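Enquirer:
2 protein chains.
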Amino acid sequence: MATIEDVAKLAGLSRTTVSRVINNHPYVSEAKKQLVIEAMKQLGYVPNSSARSLRNQKTEMIAVIIPRVMNPFFGQLVESLEIAASEYHYQLIVCQTLYSAKKELDYLNLLKTKQVDGVILTTLLNDWKQIEPFLDYGPIVLCNEYDQKANIPMVHIDQEYGGYVATTHLIDQGHMRIAYCCGNIKSNVTKAREKGFRKAHSEHGLQIDPKLVFQNVFTFEDGKKVLQKLAALDNRPTAIFTGSDEVAAGVISEAKKLGIDVPTQLAVVGYDNQAITELLDPMITTVHQPVKEMAHKAMNVMMNQIKYKNYKTKEVYQLPLSLIIRNSTCLKSPERLN
Amino acid sequence: MATIEDVAKLAGLSRTTVSRVINNHPYVSEAKKQLVIEAMKQLGYVPNSSARSLRNQKTEMIAVIIPRVMNPFFGQLVESLEIAASEYHYQLIVCQTLYSAKKELDYLNLLKTKQVDGVILTTLLNDWKQIEPFLDYGPIVLCNEYDQKANIPMVHIDQEYGGYVATTHLIDQGHMRIAYCCGNIKSNVTKAREKGFRKAHSEHGLQIDPKLVFQNVFTFEDGKKVLQKLAALDNRPTAIFTGSDEVAAGVISEAKKLGIDVPTQLAVVGYDNQAITELLDPMITTVHQPVKEMAHKAMNVMMNQIKYKNYKTKEVYQLPLSLIIRNSTCLKSPERLN
DNA sequence: GTGAAAGCGCTAACAG
DNA sequence: CTGTTAGCGCTTTCAC
Numbered sequence: 001m002a003t004i005e006d007v008a009k010l011a012g013l014s015r016t017t018v019s020r021v022i023n024n025h026p027y028v029s030e031a032k033k034q035l036v037i038e039a040m041k042q043l044g045y046v047p048n049s050s051a052r053s054l055r056n057q058k059t060e061m062i063a064v065i066i067p068r069v070m071n072p073f074f075g076q077l078v079e080s081l082e083i084a085a086s087e088y089h090y091q092l093i094v095c096q097t098l099y100s101a102k103k104e105l106d107y108l109n110l111l112k113t114k115q116v117d118g119v120i121l122t123t124l125l126n127d128w129k130q131i132e133p134f135l136d137y138g139p140i141v142l143c144n145e146y147d148q149k150a151n152i153p154m155v156h157i158d159q160e161y162g163g164y165v166a167t168t169h170l171i172d173q174g175h176m177r178i179a180y181c182c183g184n185i186k187s188n189v190t191k192a193r194e195k196g197f198r199k200a201h202s203e204h205g206l207q208i209d210p211k212l213v214f215q216n217v218f219t220f221e222d223g224k225k226v227l228q229k230l231a232a233l234d235n236r237p238t239a240i241f242t243g244s245d246e247v248a249a250g251v252i253s254e255a256k257k258l259g260i261d262v263p264t265q266l267a268v269v270g271y272d273n274q275a276i277t278e279l280l281d282p283m284i285t286t287v288h289q290p291v292k293e294m295a296h297k298a299m300n301v302m303m304n305q306i307k308y309k310n311y312k313t314k315e316v317y318q319l320p321l322s323l324i325i326r327n328s329t330c331l332k333s334p335e336r337l338n
Numbered sequence: 001m002a003t004i005e006d007v008a009k010l011a012g013l014s015r016t017t018v019s020r021v022i023n024n025h026p027y028v029s030e031a032k033k034q035l036v037i038e039a040m041k042q043l044g045y046v047p048n049s050s051a052r053s054l055r056n057q058k059t060e061m062i063a064v065i066i067p068r069v070m071n072p073f074f075g076q077l078v079e080s081l082e083i084a085a086s087e088y089h090y091q092l093i094v095c096q097t098l099y100s101a102k103k104e105l106d107y108l109n110l111l112k113t114k115q116v117d118g119v120i121l122t123t124l125l126n127d128w129k130q131i132e133p134f135l136d137y138g139p140i141v142l143c144n145e146y147d148q149k150a151n152i153p154m155v156h157i158d159q160e161y162g163g164y165v166a167t168t169h170l171i172d173q174g175h176m177r178i179a180y181c182c183g184n185i186k187s188n189v190t191k192a193r194e195k196g197f198r199k200a201h202s203e204h205g206l207q208i209d210p211k212l213v214f215q216n217v218f219t220f221e222d223g224k225k226v227l228q229k230l231a232a233l234d235n236r237p238t239a240i241f242t243g244s245d246e247v248a249a250g251v252i253s254e255a256k257k258l259g260i261d262v263p264t265q266l267a268v269v270g271y272d273n274q275a276i277t278e279l280l281d282p283m284i285t286t287v288h289q290p291v292k293e294m295a296h297k298a299m300n301v302m303m304n305q306i307k308y309k310n311y312k313t314k315e316v317y318q319l320p321l322s323l324i325i326r327n328s329t330c331l332k333s334p335e336r337l338n
């Protein structure tokens with residue numbers, strides 16, 4: 001493989017001049033520049049990126065830590081992050097924790113070993129205390145996840161409003177007994193959503209029945225099970241807020257099987273606005289999260305972190321979301337509430 | 001950041017000895033080994049991976065080139081490839097072409113610049129002639145895609161059998177007019193599938209009506225459009241083979257809208273066995289592809305390529321697939337054909 | 001067993 | 001405008 005030295009020799013110049021041409025430095029005469037370009041072409045020369053990384057102390061790689069790619073929300077996030085990264089000529093490394101806190105820490109080591117210039121965390125499996133020491137080695141940006149204690153940039157979505165707007169929509173439709181499903185109760189994303197759910201209730205003077213609250217509900221199957229439990233209740237709810245479209249799909253599927261009509265007997269709200277919401281009958285009312293915008297903002301913030309190296313400054317960016325009303329909560333009116 | 005030099009000084013030893021400890025070399029006395037370990041711990045030392053990459057001429061990174069993460073098939077492939085890579089202590093870089101042949105070439109440059117030890121190609125947007133020169137810089141493995149002309153390892157699935165088994169299933173159900181949708185006609189994956197479709201027909205002495213063949217059908221929306229065209233036909237088909245579950249879902253959705261019953265008036269076969277096949281009513285008969293196995297095999301082959309550096313040897317691994325029969329093609333009998 | 005020294009390929013003072 | 005030189009942090013001969 002040709003090196004910069006080879007190019008220099010062939011062009012009859014020094015390594016420095018070649019380097020200058022590669023890096024578009026000024027003060028290289030046009031004549032020599034052409035000489036260098038010619039020599040590079042002739043040798044098929046491409047700079048070695050390990051050498052550059054070592055010398056420049058940067059790798060132009062970002063790691064993104066997610067639970068798993070097949071989770072539609074995180075898949076979409078990775079897709080958008082990769083597109084954003086490539087706009088900055090950065091490469092994206094995918095790191096799947098598979099919900100293991102230890103793997104999260106393992107992947108953070110990429111920062112210590114300088115394999116990446118920064119890490120984007122999309123969930124937080126460990127306590128902030130465990131994460132913080134890694135900041136000595138490079139920037140960490142929270143994207144989607146939020147932590148009050150963290151002294152770093154975070155780009156996230158207003159989940160409290162998400163819970164609030166969806167619940168308010170149900171209450172406006174006349175529902176007074178609303179079931180609630182959420183995912184990982186330890187996540188601040190989940191907590192904020194629940195806060196919004198509670199706020200909507202208290203604003204309307206409504207109580208929440210603890211029997212209607214379910215935790216750690218993630219999948220289609222989980223959704224089915226929740227519906228079975230609800231169906232067995234004496235005093236059934238007339239609506240349900242689910243933490244994800246998959247769960248909503250499970251609820252609807254099982255409701256159909258048991259002859260419970262959606263939305264007339266049970267209104268269902270999903271979350272994430274995944275493709276599936278438009279494929280089912282009825283189509284699912286859901287909360288749209290601005291994933292692309294979040295990804296771009298997070299990458300933008302990351303680039304600034306890399307540039308200005310102020311890794312331990314808290315910066316909070318909160319993005320709005322919107323409710324998309326479809327037939328799983330009401331028979332007509334496809335409006336969009338902001 | 002502590003370097004190997006710092007560790008050596010603190011331990012009162014040479015860089016060499018420290019390096020030996022890091023790399024688990026024999027011939028280091030236990031006493032000094034402990035000294036080094038102690039010093040490393042005290043300094044929070046971690047070896048710099050750019051320096052190692054430069055010295056060792058390997059990065060322990062693999063790039064995988066896919067169209068996009070949100071395509072469920074490729075999302076699943078990335079998920080499995082990342083898991084496989086991490087078992088070898090390799091990192092995975094995601095590269096999305098967004099169906100641009102130029103981006104495919106751009107990402108192959110990661111090989112030239114030595115940013116990765118190898119590239120896994122899952123589709124082929126360029127001619128093999130365009131790709132081949134990159135083999136001078138490192139290994140390329142084809143995973144999912146297949147090309148007769150390529151002189152490299154390829155791990156793929158027996159798509160011809162996929163087309164064959166699905167079509168035979170339809171014929172066995174008594175269908176004689178079967179519509180056919182496929183994706184990118186230039187892909188060998190697509191071609192093989194069609195070959196199987198044709199083979200099943202000729203084995204049963206059946207003709208294929210060109211009016212029933214559709215190309216470049218990828219999405220849910222595309223599926224809807226295909227059904228609309230079929231519905232407008234004088235002589236409608238009684239079954240349809242689609243290239244993906246999404247398309248099948250679109251066909252079924254539109255059929256419902258037009259009052260065409262699935263499966264009695266139109267039997268529908270999907271492809272990929274994505275989650276959605278079990279969420280819809282009717283559940284979709286589909287072809288299951290062994291994605292995890294393919295990913296593991298591809299990564300395994302890649303590791304051998306890196307080790308033995310015989311980049312230009314053709315090796316073909318073909319994996320079997322199976323038909324999963326659900327209600328979109330027949331009302332009962334949930335069997336599984338191999 | 002251990003260390004000195006060369007060098008992986010590149011960039012950036014610094015000097016001219 | 002151009003070249004000389006000194007490393008970036010690590011591993012590996014080659015001596016001892």
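Protein sequence lines correspond, in order, to chains A and B.
Numbering-wise (UniProt numbering), the first sequence opens with residue 1 and increments by one.
Numbering-wise (UniProt numbering), the second sequence opens with residue 1 and increments by one.
Yeah, the Cβ is synthetic: ideal placement off N, Cα and C, and Gly gets one too.
Computed from a prediction, not measured in an experiment: that's the story for all the values here.
Of the residues D136(B), Q76(B), P67(B), which one's Cα is nearest the Cα of R68(A)?
Expert: Position 68 of the first sequence, counted from the first residue, corresponds to residue 68(A). R68(A) has its Cα closest to that of Q76(B), out of D136(B), Q76(B), P67(B).
Enquirer: Would you call the stretch 30-42 of chain B and the stretch 5-21 of chain B in contact, with 3 or more CB pairs under 8 Å?
Expert: Short answer: they touch.
Enquirer: Sort out for me which residues DSSP pairs H156(A) with in a bridge.
Expert: In the first sequence, counting from the first residue as 1, residue 156(A) sits at position 156. In the DSSP output, where bridge partners are listed per residue, H156(A) has Q318(A).
Enquirer: Is the Cβ-Cβ distance between E104(B) and I140(B) less than 8 Å?
Expert: If you number the second sequence from 1, residue 104(B) lands on position 104. If you number the second sequence from 1, residue 140(B) lands on position 140. Their beta carbons are not under 8 Å apart, which means E104(B) does not touch I140(B) by this criterion.
Enquirer: Indicate the three-state DSSP secondary structure (helix, strand or coil) for S333(A) in the structure shown.
Expert: By 1-based counting over the first sequence, the position of residue 333(A) is 333. Note that S333(A) scores a pLDDT of 48, beneath 50, so its modelled location is shaky and nothing firm can be said.
Enquirer: Please state the DSSP three-state secondary structure of G118(A).
Expert: Looking up residue 118(A) in the first sequence gives position 118. If DSSP states are grouped into helix, strand and coil, G118(A) belongs with the strands.
Enquirer: Mind pulling the alpha helix (DSSP H) runs of 4 or more residues that sit fully within the stretch 279-313 of chain A?
Expert: 291-308, all fully within the stretch 279-313 of chain A.
Enquirer: For A231(B), which three-state DSSP category applies?
Expert: Taking the first residue of the second sequence as position 1, residue 231(B) is located at position 231. A231(B): helix per DSSP, three-state reduction.
Enquirer: Taking only beta-carbon positions, decide if residue 385(B) is within less than 8 Å of chain A.
Expert: Residue 385(B) is absent from the structure shown; chain B starts at 1 and stops at 338.
Enquirer: Is the Cβ of P47(B) closer than 8 Å to any Cβ of chain A?
Expert: Looking up residue 47(B) in the second sequence gives position 47. Chain A contact via Cβ: present.
Enquirer: Any C-beta of chain B sitting closer than 8 Å to the C-beta of Q130(A)?
Expert: As a first step, residue 130(A) is located in the first sequence; it is residue number 130 there, counting from the start. No, because no Cβ of chain B sits closer than 8 Å to the Cβ of Q130(A).
Enquirer: Could you run through the stretch 107-121 of chain A and flag, in chain order, every residue whose CB is less than 8 Å away from some CB of chain B?
Expert: Per Cβ criterion, the list reads N109, L110, K112, T113, K114, Q115.
Enquirer: If we count Cβ pairs, one from each stretch, closer than 8 Å, do we get three or more for the stretch 246-260 of chain A versus the stretch 189-197 of chain A?
Expert: Contact fails: fewer than three Cβ-Cβ distances are below 8 Å.
Enquirer: Looking only at its chain, what residues have a beta carbon closer than 6 Å to the beta carbon of K297(A), apart from the 5 residues adjacent to it on each side?
Expert: As a working mapping, residue 297(A) is identified with position 297 in the first sequence. Contacts found: V155, Y317.
Enquirer: Excluding five sequence neighbours on each side, which residues of the same chain lie with their C-beta closer than 6 Å to the C-beta of V213(A)?
Expert: Counting from one through the first sequence, the residue named residue 213(A) turns up at place 213. If we look at V213(A) and ignore the five residues flanking it on each side, its Cβ neighbours are Y180.
Enquirer: Would you say I83(B) lies against chain A (beta-carbon separation less than 8 Å)?
Expert: Here the question's residue 83(B) lines up with position 83 in the second sequence. Cβ-Cβ to chain A under 8 Å: yes for I83(B).
Enquirer: Under 8 Å, Cβ to Cβ, is there at least one residue of chain B near E79(A)?
Expert: Working through the first sequence from its first residue, we reach residue 79(A) at position 79. Yes, contact with chain B.
Enquirer: So, with DSSP's three-state summary, where would you put N338(A)?
Expert: Taking the first sequence and counting its residues from 1, one reaches residue 338(A) at position 338. Residue placement at N338(A) cannot be trusted, given a pLDDT of 46 that sits under 50; what the coordinates show is reported in the next sentence. Here N338(A) sits in coil by DSSP.
Enquirer: Is T313(A) buried or exposed, if buried means 16 or more other CB atoms sit within 10 Å of its CB?
Expert: On the first sequence, residue 313(A) is found 313 positions in, with the first residue counted as 1. T313(A) comes out exposed.
Enquirer: Considering only their Cβ atoms, is the gap separating A267(A) from H175(A) smaller than 8 Å?
Expert: As a first step, residue 175(A) must be located in the first sequence, where it is residue number 175. As a first step, residue 267(A) must be located in the first sequence, where it is residue number 267. It is a contact, given that the beta carbons lie within the stated cut-off.
Enquirer: Within its chain, find whatever has a CB closer than 8 Å to the CB of R177(A); leave out the 5 residues flanking it on each side and keep chain order.
Expert: Residue numbering aside, residue 177(A) sits at position 177 when the first sequence is read from its first letter. Excluding sequence neighbours, R177(A) sits near D209, L212, N235, R236, P237, T238, A239.
Enquirer: Can you tell me whether T168(A) is buried or exposed, with buried defined as 16 or more other CB within 10 angstroms of its CB?
Expert: Translated into positions along the first sequence, residue 168(A) becomes position 168. Label assigned to T168(A): buried.
Enquirer: With 9 Å as the C-beta to C-beta threshold (strictly closer), list the residues of the stretch 89-103 of chain B near chain A in chain order.
Expert: Listed by position, the residues of the stretch 89-103 of chain B near chain A (Cβ gap below 9 Å) are Q91, L92, I93, V94, C95, Q96, L98, K103.
Enquirer: Consider the Cβ of G75(B): report whether some Cβ of chain A lies at a distance smaller than 8 Å.
Expert: For this step, residue 75(B) is matched to residue 75 along the second sequence. Output row for G75(B): interface = yes.
Enquirer: According to the Cβ coordinates, are T242(B) and V251(B) closer than 8 Å?
Expert: Translated into positions along the second sequence, residue 242(B) becomes position 242. Translated into positions along the second sequence, residue 251(B) becomes position 251. Taking 8 Å as the Cβ cut-off, T242(B) and V251(B) qualify as a contacting pair.
Enquirer: Hey, which unbroken runs of the beta strand (DSSP E) at 3 residues or more fall wholly within the stretch 75-108 of chain B?
Expert: Segments of the beta strand (DSSP E) lying fully in the stretch 75-108 of chain B: 91-96.
Enquirer: Give the straight-line distance between the Cα atoms of L108(B) and K309(A), rounded to the nearest whole angstrom.
Expert: On the second sequence, residue 108(B) is found 108 positions in, with the first residue counted as 1. On the first sequence, residue 309(A) is found 309 positions in, with the first residue counted as 1. Their Cα atoms are separated by approximately 31 Å.
Enquirer: Which term fits R55(A), buried or exposed, when burial requires 16 or more other beta carbons within 10 angstroms of its beta carbon?
Expert: As a working mapping, residue 55(A) is identified with position 55 in the first sequence. By the 10 Å Cβ count, R55(A) comes out exposed.
Enquirer: When DSSP builds the beta bridges, which residues end up paired with Y180(B)?
Expert: Here residue 180(B) refers to the residue found at position 180 of the second sequence. Partner(s): V213(B), F241(B).
Enquirer: With a threshold of 8 Å between beta-carbons, can K134(B) be considered close to chain A, or not?
Expert: Mapped onto the second sequence, residue 134(B) falls at position 134. The question names Lys, but residue 134(B) in the sequence shown is Phe. No, no contact with chain A.
Enquirer: So the beta strand (DSSP E) V7(A) belongs to, where does it begin and stop?
Expert: If you number the first sequence from 1, residue 7(A) lands on position 7. Where V7(A) is concerned, there is no enclosing beta strand (DSSP E), although the alpha helix (DSSP H) it sits in stretches over 4-11.
Enquirer: Work out the CA separation of L121(B) and S80(B) for me, nearest whole Å.
Expert: Taking the second sequence and counting its residues from 1, one reaches residue 80(B) at position 80. Taking the second sequence and counting its residues from 1, one reaches residue 121(B) at position 121. Going from the Cα of S80(B) to the Cα of L121(B) covers about 14 Å.
Enquirer: Determine, for T59(A), whether the minimum Cβ-Cβ distance to residues of chain B falls below 8 Å.
Expert: Residue 59(A) sits at position 59 when you count from the first residue of the first sequence. It does: the Cβ of T59(A) has a partner Cβ on chain B nearer than 8 Å.
Enquirer: Among D117(A), A85(A), I83(A), T16(A), which one has its Cα closest to the Cα of L307(A)?
Expert: As a working note, residue 307(A) is residue 307 in the first sequence. One point to set straight first is that residue 307(A) is Lys, not Leu, in the sequence displayed. Here the closest residue by C-alpha is D117(A).
Enquirer: Report the start-end ranges of each beta strand (DSSP E) in the stretch 2-76 of chain B that is 3 residues or longer and not cut off at the edges.
Expert: Runs of the beta strand (DSSP E) inside the stretch 2-76 of chain B: 61-66.
Enquirer: Taking Cβ-Cβ distances shorter than 7 Å, what residues in chain B pair up with S53(A)?
Expert: The sequence position of residue 53(A) within the first sequence is 53, counting from 1. Ordered by position in chain B, the residues that pass the 7 Å Cβ test against S53(A) are S50.
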